[in-house]
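Colleague: Numbering-wise, the sequence shown is residues 36 to 318 according to the working numbering.
All C-beta atoms, glycine included, are put in the ideal place defined by N, C-alpha and C.
These numbers come from a predicted model, not from an experiment.
Have a look at this one.
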Amino acid sequence: MIKIIDGKAISKEIKDEVKEAVSGLKEQGITVSLAVIQVGNDPASGVYVGNKKKACEYCGIESVSYELAEETTQDELLTLIEKLNKDEKINGILVQLPLPKHMDEDAVIKAIAPIKDVDGFHPQSVGALCIGQPGFVSCTPAGIIELLKRSNVEIAGKECVVIGRSNIVGKPMAILLLRENGTVTITHSRTKDLKEVTKRADILVVAIGKPKMITREYVKEGAVVIDVGIHRNENNKLCGDVDFDDVAPVCSAITPVPGGVGPMTIAMLMKNCLTSVALMQNQ
Ligand code: NDP
């Protein structure tokens with residue numbers, strides 16, 4: 036029987052755990068807080084920021100919003116980040132991407148203090164992940180590992196194929212699967228005969244950014260398929276990178292879109308805010 040991996044339920048489980056931990060910290064007089072910076076008024080970013088604030092509210096995390104005008108200069112943004120880096124009341128700092136074109140995203144990410152880098156994008160966080168040291172992990176791939184573990188999918192010794200090599204999903208995903216002792220292959224737009232590679236996968240993680248590209252021809256019978264993609268189809272309905280109706284009958288477990296990977300990203304952000312409290316206490 037095919038198992039539909041319920042990201043909504045698992046993300047609620049995680050947020051409830053965070054909520055309990057946050058309330059325990061409150062009893063010790065410690066508040067957990069997240070600074071959320073949005074530059075400009077891109078509607079999609081507005082929705083993401085709104086969802087993050089809602090999740091903070093649910094977990095008892097204080098969210099402090101900075102809504103900056105599109106014309107804000109990079110120096111002004113860096114000055115704000117510097118101020119938040121020094122503010123002991125702020126645990127996590129999140130800069131909603133993409134930033135307006137006149138800003139250098141890499142420079143902005145680098146300006147965030149690594150102990151407050153709840154998105155896990157800072158080069159120090161990425162380096163720590165690669166050499167197996169503690170630190171923040173990018174929320175989407177970290178959420179996928181939680182989805183797999185909490186759905187009792189064994190990773191150790193399994194053939195894991197990741198489609199996509201972006202810095203926020205594909206690469207950290209591959210490192211995390213390796214850390215869990217999977218045998219990992221990363222594929223991308225220059226991979227020759229993609230189907231031949233993906234058909235080897237016991238666990239297939241798809242992060243391509245192309246609606247419904249992955250059909251059953253890419254999937255081994257009985258594989259676990261994780262769909263990271265989010266798109267709106269011609270009827271304005273959400274869909275993923277995987278053609279769910281075509282693939283679901285041949286796999287053993289699959290994440291739907293919506294309700295799969297998406298909700299996990301925000302749940303892991305909440306969890307990362309707790310990690311930040313621990314890192315700040317130990318510095
Ligand atoms: P990017 O566009 O940064 O990366 C896409 C990757 O897919 C690239 O590495 C690219 O290869 C590869 N690719 C593109 N076309 C092909 C192809 N035909 N065959 C094989 N590989 C291909 O995307 P992201 O990683 O940022 O995001 C991927 C998807 O996940 C998007 O739909 C995005 O919206 C979604 N997403 C969802 C999140 C969530 O919370 N659920 C969070 C983040 C992203 P190359 O490097 O060679 O160009």
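In the DSSP assignment, find the alpha helix (DSSP H) that holds Glu62 and state where it starts and stops.
Modeller: Here the alpha helix (DSSP H) through Glu62 covers Gly42 to Glu62.
Colleague: If we call anything under 8 Å between Cβ atoms a contact, is Val282 one with Ile289?
Modeller: It is a contact, given that the beta carbons lie within the stated cut-off.
Colleague: Consider the C-beta atom of Leu182 and the heavy atoms of the ligand NDP; say whether any pair is separated by less than 7 Å.
Modeller: Leu182 Cβ: outside cutoff for every heavy atom of the ligand NDP.
Colleague: Asp122 by DSSP, collapsed to three states: which one?
Modeller: Three-state DSSP puts Asp122 in coil, outside helix and strand.
Colleague: In angstroms, rounded to a whole number, what distance separates the CA positions of Ile179 and Val263?
Modeller: Rounded to the nearest angstrom, the two C-alpha atoms are 9 Å apart.
Colleague: Any chance the CB of Leu229 is under 7 Å from a heavy atom of the ligand NDP?
Modeller: Answer for Leu229: yes, Cβ within range of the ligand NDP.
Colleague: Who are the Cβ neighbours of Ser58 in its own chain at under 7 Å, not counting the five residues just before and after it?
Modeller: Cβ neighbours of Ser58 beyond the five flanking positions: Gly95.
Colleague: Would you say the beta carbon of Arg251 is closer than 7 Å to some non-hydrogen atom of the ligand NDP?
Modeller: Incorrect: Arg251 has no Cβ contact closer than 7 Å to the ligand NDP.
Colleague: Under a Cβ-count criterion, where at least 16 other Cβ atoms within 10 Å of its own Cβ denotes burial, should Lys124 be classed as buried or exposed?
Modeller: When all chains shown are included, Lys124 counts as exposed.
Colleague: Residues in its own chain within less than 6 Å of Tyr324 by CB, not counting five upstream and five downstream?
Modeller: Here the chain covers residues 36 to 318 and nothing more, so residue 324 does not appear.
Colleague: Please determine whether the Cβ atom of Asp276 lies at a distance below 7 Å from any heavy atom of the ligand NDP.
Modeller: True, at least one ligand heavy atom lies under 7 Å from that Cβ.
Colleague: State whether the region 266 to 284 contacts the region 81 to 92, with contact taken as three or more CB pairs (one from each stretch) at a distance under 8 Å.
Modeller: No, the region 266 to 284 is not in contact with the region 81 to 92.
Colleague: Please state the DSSP three-state secondary structure of Lys38.
Modeller: Correct three-state label for Lys38: strand.
Colleague: Any chance the CB of Lys245 is under 7 Å from a heavy atom of the ligand NDP?
Modeller: Yes.
Colleague: If you compare alpha carbons, which of Gly127, Ala191 and Pro291 is closest to Ile265?
Modeller: That would be Pro291, whose Cα lies nearest to the Cα of Ile265.
Colleague: According to the Cβ coordinates, are Gln131 and Leu103 closer than 8 Å?
Modeller: Going by C-beta atoms, Gln131 is not nearer than 8 Å to Leu103.
Colleague: Whole-angstrom Cβ separation of Val53 and Met305, contact assumed at under 8 Å?
Modeller: Contact flag correct, Cβ pair sits at about 5 Å.
Colleague: Taking Asp51 as the reference, give the member of Ala302, Arg200 and Asn317 with the closest Cα.
Modeller: Nearest of Ala302, Arg200 and Asn317 to Asp51, Cα basis: Ala302.
Colleague: Mark Met36 as exposed unless 16 or more other C-beta atoms lie within 10 angstroms of its C-beta, in which case mark it buried.
Modeller: It counts as exposed.
Colleague: Hey, out of Lys38, Asn317 and Gly42, whose CA is closest to Thr1's CA?
Modeller: The requested residue 1 is not part of the displayed model; the chain covers only 36 to 318.
Colleague: From which residue to which residue does the alpha helix (DSSP H) around Asp141 run?
Modeller: Start and end: Glu140 to Ala146.
Colleague: Would DSSP call Ile265 helix, strand or coil?
Modeller: In the structure shown, Ile265 sits in coil (DSSP, three-state: anything other than H, G, I, E or B).
Colleague: So is the beta-carbon of Ser224 under 7 Å away from any non-hydrogen atom of the ligand NDP?
Modeller: Ser224: yes, Cβ under 7 Å from the ligand NDP.
Colleague: For the ligand NDP, any of its heavy atoms closer than 7 Å to the Cβ of Gly257?
Modeller: Incorrect: Gly257 has no Cβ contact closer than 7 Å to the ligand NDP.
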